[in-house]
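Just below is one structure, and these are the notes that go with it.
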Amino acid sequence: MKNSIRIKENKHTEKSLVEKHYHQVHQILYVLENKGEIKLNDQTHPFTQDSLAFITPYSPHAITSDTKMTVLVLEFSVDQLGADMNKLLLEYCFDETKLVELNLFEAGSVRQLLRRMLYEQSQGGAINQMAMKIYCTELLLALLRSRGESNITNANTLRAERLRRYIDTHYFEVSNATEISQKIGISTRHVNTIFKEHYDTTPMKYLNEVRLEIAKKLLAETENDIASICFEIGFESLSTFYRRFKEFTDVSPNQFRLSNQYSE
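The sequence shown stops at residue 264 when you use my numbering, and every number in between is there.
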């Protein structure tokens with residue numbers, strides 16, 4: 001393949017059948033809308049909206065659609081993504097064809113990354129090809145992280161863990177509790193109850209703690225100005241950042257930085 005990463009949109013008509021076949025590269029199949037069935041490793045599985053199939057080279061698979069179904073097909077060569085990615089895929093058992101169950105957070109991230117890749121591919125330049133490689137790597141990392149939930153069986157424990165991990169990785173863009181509850185698909189009150197049961201704090205308090213711990217690290221280890229740090233960690237106003245930081249540490253950001261530099 002001239003370009004090692006490609007993405008295309010396959011539109012399946014009602015009751016259509018894509019016969020068993022295989023490819024020489026890796027594929028990720030993502031159902032954008034409607035539903036059908038997919039046959040992997042000689043087993044048939046439901047293939048519905050937000051389902052994702054990870055398909056290794058030379059692995060036979062087939063698809064049957066119940067209705068008009070749209071599937072995004074991402075093709076890539078793992079060799080082009082580097083030895084580290086190859087190693088991670090093997091370590092997390094992504095050396096075989098499988099269906100990957102996505103939670104609401106992960107499905108949203110996957111959709112966003114696939115949209116970005118469709119756009120970059122449409123532009124066709126060298127920079128766009130590099131962007132495709134970056135987004136493909138991000139998508140694979142999201143799938144690798146999803147493996148960490150495989151041993152969690154309690155529904156509320158799983159929701160709380162997904163929520164905590166979402167905050168850990170999206171602290172810079174979360175704006176309020178309502179946004180968090182919409183991501184997980186349950187009410188704000190229920191989100192607060194679940195999270196507090198498992199972590200003895202609310203999601204918004206935990207979000208502030210994550211942001212402020214990162215602020216402390218940036219103040220101690222970088223020369224970034226305080227306004228830049230405030231913006232980087234997700235606070236919308238400098239005054240709010242100063243107030244939260246002092247509540248958290250009993251000193252202002254300036255005093256914390258001076259004290260830290262002095263101790264060093």
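Ideal Cβ positions, reconstructed from N, Cα and C, are used throughout, including at glycine.
Bear in mind that the values here come from a model prediction, so they are computed numbers and not experimental data.
Nearest C-alpha to L218 among G125, S65, F256 and L29: F256.
For the pair L40 and A227, the Cα-to-Cα distance works out to about 52 Å. Taking H190 as reference, the option from L163, F172, R116 and S175 with the minimal CA-CA separation is L163. Taken through DSSP and simplified to helix, strand or coil, T201 comes out as coil. Residue state for S65 is assigned as strand, using DSSP reduced to three classes. The alpha carbon of I5 has as its nearest neighbour, out of S16, L114, P46 and L88, the alpha carbon of L114.
Short of 6 Å from the beta carbon of L74, and not among the five residues preceding or following it, lie these beta carbons of its own chain, in chain order: I7 and I28.
Its chain contains V31, L32, E33, N34 and K35 as the residues whose beta carbon lies nearer than 8 Å to that of Q49, once the 5 sequence neighbours on both sides are disregarded; these appear in chain order.
In this structure, S175 and S181 do not form a Cβ contact; the two beta carbons are roughly 12 Å apart against a cut-off of 8 Å. In the three-state reduction of the DSSP assignment, E75 falls in the strand class. Distance from the CA atom of M204 to the CA atom of E14, rounded to whole angstroms, is 45 Å. E37 and V71 have their alpha carbons spaced roughly 12 Å apart.
In this chain, the alpha helix (DSSP H) harbouring L141 covers A126 to S146. The DSSP-derived three-state label of G108 is helix.
Per DSSP, reduced to three states, the secondary structure at L89 is helical. Using a Cβ distance threshold of 7 Å, Q24 and P60 do not count as a contacting pair. Residue state for F54 is assigned as strand, using DSSP reduced to three classes. Around the beta carbon of P253, 16 or more other beta carbons sit within 10 angstroms, so the residue counts as buried. When DSSP reads this structure, N10 sits in a beta bridge with V71.
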